[in-house]
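To keep things clear, I will list the structure first and then write my remarks on it.
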Amino acid sequence: MTYAYQFYNFAFFCCVIFSLRSGVEGDLLVRWMIYGANGYTGRLVVDQAVRQGFKPVLAGRNGREIRALARQYGLSFRVFTCDRDSIDLQDIDLVLHCAGPFINTFYPMLQACLKSSCHYLDITGEIAVFEKCAQMSS
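Okay, so the sequence shown: first residue is -16 according to the numbering used here, each after it adds one.
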């Protein structure tokens, strides 16, 4: 089952991601993506994730910036706009959505996640987004 979560506490994010590790080797159980990785908060999340030994797929709409960031960290990347028709998440298990304003970007990403049975997390604090996600979860 796919769940829609929102959070703005980075410590909680770390707990969620750490809980996805398996066994003694600490391998990640899921392939995950940071959409909006080149934004201010996205870069903070990428930096922290890499420091913790994670290798997320970086994604966003600015190809030049996403490629440069992926090259800097040695990570894979994807470039696409956040509209329902351009989002392919078939090989992704979890998306951390960091691209705002979320009232404009969350719905296409959440729909793509639901279509792909991919878990959705975001960092928004926008009440309207919380309300719409709660309606969709019902």
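Quick reminder that beta carbons are idealized off the backbone N, C-alpha and C, glycines included. Given the structure is predicted, the values throughout are model-derived calculations rather than measurements.
Subject >> Separation of Q55 from R123, as counted between CA atoms >> reply: In the structure displayed, the chain extends from -16 to 121; residue 123 sits before or after that span and is not available.
Original post:
If you follow the alpha helix (DSSP H) that V33 is part of, which residue opens it and which one closes it?
Top reply: Looking up residue 33 in the sequence shown gives position 50. Here the alpha helix (DSSP H) through V33 covers 23 to 34.
**OP:** Quick one: measure Cβ to Cβ for L93 and V28, integer angstroms, because I've assumed they're closer than 8 Å.
**Re:** Stepping through the sequence shown from its first residue, residue 93 is reached at position 110. Stepping through the sequence shown from its first residue, residue 28 is reached at position 45. No, L93 and V28 are not in contact; Cβ-Cβ is about 18 Å, not under 8 Å.
**OP:** From the DSSP output, in three-state form, read off I106 for me.
**Re:** Here residue 106 is taken as the residue at index 123 of the sequence shown, counted from 1. In this structure, I106 counts as coil in the three-state DSSP scheme.
**OP:** Could you have a look at V7 and say whether DSSP puts it in helix, strand or coil?
**Re:** The count along the sequence shown starts at 1 and reaches residue 7 at position 24. Residue placement at V7 cannot be trusted, given a pLDDT of 43 that sits under 50; what the coordinates show is reported in the next sentence. It is coil, neither helix nor strand.
**OP:** Look at the alpha carbon of R61 and the alpha carbon of I49, and state the distance between them as a whole number of angstroms.
**Re:** The count along the sequence shown starts at 1 and reaches residue 61 at position 78. The count along the sequence shown starts at 1 and reaches residue 49 at position 66. Each residue's Cα considered, the two are about 8 Å apart.
Subject >> Classification of G87 by the beta-carbon crowding that lies within 10 angstroms, buried from 16 upward >> reply: Counting from 1 along the sequence shown, the entry for residue 87 is found at position 104. According to the sequence displayed, residue 87 carries Asn and not Gly. Exposed.
Original post:
So I86 is in the alpha helix (DSSP H); what residue range does that whole segment cover?
Top reply: Within the sequence shown, numbered from 1, the residue matching residue 86 stands at position 103. From DSSP, the alpha helix (DSSP H) with I86 extends over 85 to 99.
Subject >> Residue burial classification, D105 (beta-carbon count within 10 angstroms, cutoff 16) >> reply: Residue numbering aside, residue 105 sits at position 122 when the sequence shown is read from its first letter. Buried, because 16 or more other Cβ atoms sit within 10 Å of the Cβ of D105.
Subject >> Candidates R47, P84, V40, A82, of which the one nearest I75 by Cα >> reply: Residue mapping note: residue 75 aligns to position 92 of the sequence shown, counting from 1. Ranking the options by Cα distance to I75, first place goes to V40.
Original post:
From L52 to F85, what distance separates their C-alpha atoms?
Top reply: As a position in the sequence shown, residue 52 is number 69, starting the count at 1. As a position in the sequence shown, residue 85 is number 102, starting the count at 1. Their Cα atoms are separated by approximately 22 Å.
Original post:
Do H102 and L72 have their C-beta atoms within less than 8 Å of each other?
Top reply: Walking along the sequence shown from the start, residue 102 turns up at place 119. Walking along the sequence shown from the start, residue 72 turns up at place 89. Cβ atoms of H102 and L72: not closer than 8 Å.
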